[in-house]
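Residue numbers (the numbering used here): 72 to 194.
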């Protein structure tokens with residue numbers, strides 16, 4: 072069986088460093104943005120600036136959950152001894168055309184379902 076490794080070997084991944092830097096910037100931006108919003112409008116109450124800051128809080132939560140889920144996926148992927156992504160891509164290309172199409176339709180249906188569930192959770 073012919074396998075092709077599509078991943079480049081790296082001694083240190085800078086992806087975690089970038090996400091960590093973004094998280095530090097967002098955490099430091101929180102009190103600065105809150106103070107700036109209070110100084111711009113003297114009539115605003117305590118809750119008014121917080122509504123705009125919820126977007127920042129949502130972004131911070133999303134990045135934290137993204138890092139956590141990626142870390143868990145990577146840990147369990149290695150613990151289960153599953154093949155690398157490059158091998159899986161090669162094996163996907165060997166599937167029949169109707170199997171590939173069925174996989175694409177299932178992926179699309181799950182993506183739409185996740186979007187609908189997210190909208191349902193918001194409303």
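The C-beta atom is built at its ideal place from N, Cα and C for all residues, glycine as well.
As assigned by DSSP and simplified to three states, the class of residue i
i           : result
residue 102 : helix
residue 114 : coil
residue 190 : helix
Through-space distance from residue j to residue i, alpha-carbon basis
i           : j           : result
residue 170 : residue 98  : 46 Å
residue 134 : residue 166 : 35 Å
residue 157 : residue 95  : 33 Å
Problem - Whole runs of the alpha helix (DSSP H) within the region 112–187, excluding any shorter than 4 residues - result: Whole alpha helix (DSSP H) segments, 4+ residues: 118–151 and 156–164.
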